[in-house]
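Colleague: Numbering (the numbering used here), first residue to last: 663 to 779.
Backbone N, C-alpha and C fix where the C-beta goes; we use that ideal spot for every residue, glycine too.
Note that the coordinates shown come from a computational prediction; the quantities given were computed from them, not determined experimentally.
Got a structure for you, questions after.
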């Protein structure tokens, strides 16, 4: 990895981390949602600051080429993100159904009350 690429990657990772914390502070993002992204940004920063660490980590995991390890980690990360989004979507669907049922119940009660008067 050339020095120019290292500097660009470090700058992007630091900017992403700072922006993430700004969004959390402004209430635009929740810490629970952002945590996996922060981990990725920190790993990218570590791999950019210490390029030999990626070689060592790939060797420890048993991956021949460090570039393949990047793809492997990306696939794992995306799988976790999709799983988390699926769980969140299910929870939102359940909440929506519950709210719709409560509104329908309240509308029925109001209609019955208006019919009696």
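Less than 8 Å between the CB atoms is what I'm expecting for residue 703 and residue 675, so what's the real figure, rounded?
Modeller: Residue numbering aside, residue 703 sits at position 41 when the chain shown is read from its first letter. Residue numbering aside, residue 675 sits at position 13 when the chain shown is read from its first letter. With a Cβ gap of about 5 Å, residue 703 and residue 675 count as contacting.
Colleague: So, residue 663 versus residue 713, is the Cβ gap smaller than 8 Å?
Modeller: To locate residue 663, count along the chain shown from 1; it is residue 1. To locate residue 713, count along the chain shown from 1; it is residue 51. Contact flag set, yes.
Colleague: If you follow the alpha helix (DSSP H) that residue 692 is part of, which residue opens it and which one closes it?
Modeller: Reading the chain shown from its first residue, position 30 is the one you call residue 692. Taken as a continuous stretch (DSSP letters only), residue 692 belongs to no alpha helix (DSSP H), as it is neither H nor E.
Colleague: Using a 10 Å radius around the Cβ and a threshold of 16 neighbouring Cβ atoms, would you call residue 697 buried or exposed?
Modeller: What you label residue 697 is simply residue 35 of the chain shown in a count that begins at 1. When all chains shown are included, residue 697 counts as exposed.
Colleague: Applying the 10 Å Cβ sphere with the 16-neighbour rule, what's the burial state of residue 649?
Modeller: Here the chain has residues from 663 to 779 only, and residue 649 is not among them.
Colleague: Given this structure, state the Cα-to-Cα distance separating residue 692 from residue 753, to the nearest angstrom.
Modeller: Translated into the one-based positions of the chain shown, residue 692 becomes position 30. Translated into the one-based positions of the chain shown, residue 753 becomes position 91. Looking at the two C-alpha atoms, the distance is approximately 16 Å.
Colleague: Tell me, to the nearest whole angstrom, how far the beta carbon of residue 706 is from that of residue 743; I am working on the premise that it is less than 8 Å.
Modeller: On the chain shown, position 44 is the one that residue 706 refers to. On the chain shown, position 81 is the one that residue 743 refers to. Their Cβ separation, rounded to whole angstroms, is 15 Å, which puts residue 706 and residue 743 out of contact at 8 Å.
Colleague: If you follow the alpha helix (DSSP H) that residue 727 is in, where does it begin and where does it stop?
Modeller: For this step, residue 727 is matched to residue 65 along the chain shown. Per DSSP, residue 727 belongs to no alpha helix (DSSP H) and is neither H nor E.
Colleague: Are residue 731 and residue 725 closer than 8 Å when you measure CB to CB?
Modeller: Reading the chain shown from its first residue, position 69 is the one you call residue 731. Reading the chain shown from its first residue, position 63 is the one you call residue 725. Going by C-beta atoms, residue 731 is nearer than 8 Å to residue 725.
Colleague: Return helix, strand or coil for residue 712, following the three-state DSSP convention.
Modeller: Within the chain shown, the letter at position 50 stands for residue 712. Looking at residue 712 - three-state DSSP - the assignment turns out to be coil, as it is neither helix nor strand.
Colleague: So residue 681 is in the alpha helix (DSSP H); what residue range does that whole segment cover?
Modeller: Your numbering for residue 681 matches position 19 in the chain shown. Residues 665-688.
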